[in-house]
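Residue numbers (the numbering used here): 17 to 73. The beta carbon of each residue, even a glycine, is placed where N, CA and C say it ideally should be. Beneath this line is the structure, given in C-alpha cells, with notes to follow.
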Ligand SMILES: [Zn+2]
C-alpha cells in the first residue's frame, strides 16, 4: 500500500488515526511509567517490563 510518509507501519499499532484526531491505543504501564506500554491482549493488558497484568472486563 502506497501512502504518505510520516507514519511507519509500527506507529499504526500505537495510534489510531481517525480523521484529524489521533487516539492512543496502547496504555502506558502505571508502574514503569512513560515510554513503557502495556501489550494488548484479548482480555488483559500486560507490561513486558515488570510483567504487571491488568484485566479488562
Ligand atoms: Zn511495567
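Taking 6 Å as the limit between beta carbons, can you name the residues of its chain near residue i, skipping five residues before and five after?
| i | result |
| --- | --- |
| residue 66 | 47 and 48 |
For residue i, which residues in the same chain have their Cβ closer than 8 Å to its Cβ, ignoring the five residues on either side in sequence?
| i | result |
| --- | --- |
| residue 60 | 69, 70, 71 and 72 |
| residue 45 | 52, 53, 54, 63, 65, 66 and 68 |
Output needed for residue i: all residues of its chain with C-beta closer than 7 Å, excluding positions within five of it in sequence on either side, in chain order.
| i | result |
| --- | --- |
| residue 50 | 44 |
Taking a contact to mean a Cβ-Cβ separation below 8 Å, would you say residue i touches residue j in this structure?
| i | j | result |
| --- | --- | --- |
| residue 37 | residue 56 | no |
DSSP puts residue i in a beta bridge; with which residues?
| i | result |
| --- | --- |
| residue 62 | 55 and 69 |
| residue 34 | 37 |
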